[in-house]
Amino acid sequence: ARGRIERAIDGLNHAIRDIRNFIFGLRPELLEQVGLVGGLAALADEFRLNTMVDVELIVDGAGELDLPPDPTLQLLHIAREALSNIARHAKASRASLVVRPEEGDHVILEICDNGRGFHVDGPRGPSHQGLANMRARAASLGGGLHVESEPDAGTRIIVRVPRRRDA
Numbered sequence: 004a005r006g007r008i009e010r011a012i013d014g015l016n017h018a019i020r021d022i023r024n025f026i027f028g029l030r031p032e033l034l035e036q037v038g039l040v041g042g043l044a045a046l047a048d049e050f051r052l053n054t055m056v057d058v059e060l061i062v063d064g065a066g067e068l069d070l071p072p073d074p075t076l077q078l079l080h081i082a083r084e085a086l087s088n089i090a091r092h093a094k095a096s097r098a099s100l101v102v103r104p105e106e107g108d109h110v111i112l113e114i115c116d117n118g119r120g121f122h123v124d125g126p127r128g129p130s131h132q133g134l135a136n137m138r139a140r141a142a143s144l145g146g147g148l149h150v151e152s153e154p155d156a157g158t159r160i161i162v163r164v165p166r167r168r169d170a
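Start counting the sequence shown at 4; every next residue gets the next number (our numbering).
What follows is the structure, encoded as structure tokens:
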């Protein structure tokens, strides 16, 4: 049993590393070709293949989700970090990435899981900077990040950013 657990942990670590490498490998010129939806689809596929978590990508209004390269990259970084947290902490069996346009020229990205959840206002150790990093990325785009979670009730991360920085 110990060997199987260690192999599972190794598999998760490889998945996290692969997802990070994919995202860090995305350059603005590549983002013009794949865009936000393509990048999220690649993240979901990689995550699904390398974890035991079933992840679904739901896209509403794909034609209205064209973003400049920087916001696209920042949203992909946020999704990557959230998926990494699911793999490391949530003990989830299902997750979803939902992206949709919102009136007022904004884009919404939701990352949800059915994992063990946590106390949103609870203390975080110095090595747990994922939520702070995601918030900083959203803020850098003129947007925000909201977290909904309770123990044994999963987690929902909602990112709302303008399509254009001046929006």
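The C-beta atom is built at its ideal place from N, Cα and C for all residues, glycine as well. In this text the structure is predicted, and so the values were computed from the model without any measurement.
Residue i - partner residues in DSSP beta bridges
i	result
V110	P104, V164
R7	Bridge partners of R7: none, in fact.
L86	DSSP, once it has assigned bridges, lists no residue as partnering L86.
V56	Answer by DSSP bridge pairing: none, since V56 is not bridged.
L46	Paired residues: none, contrary to the question.
R159	C115, E151
Whether residue i touches residue j by CB criterion (8 Å)
i	j	result
R119	A93	yes
R166	L60	no
N88	G147	no
A98	V150	no
T54	A85	no
L100	V58	yes
L43	V102	yes
A174	L15	Outside the shown range of the chain (4 to 170) lies residue 174, about which nothing can therefore be said.
H80	R138	no
A142	D116	no
T75	L39	yes
Residue i - DSSP class collapsed to helix/strand/coil
i	result
S143	helix
H92	helix
L70	coil
P154	coil
R138	helix
V40	helix
D63	coil
R97	strand
R51	helix
G14	helix
L78	helix
G133	helix
Unbroken beta strand (DSSP E) run spanning residue i, endpoints
i	result
D124	Premise fails: D124 is in no beta strand (DSSP E) and is neither H nor E.
query: Per the contact definition of three or more C-beta pairs closer than 8 Å, is the segment 44-52 in contact with the segment 103-110?
result: Counting Cβ pairs under 8 Å, fewer than three are found: no touch.
task: Answer yes if the segment 152-165 comes into contact with the segment 115-126, meaning at least three C-beta pairs across the two stretches below 8 Å, and no otherwise.
output: Touching, per the Cβ criterion.
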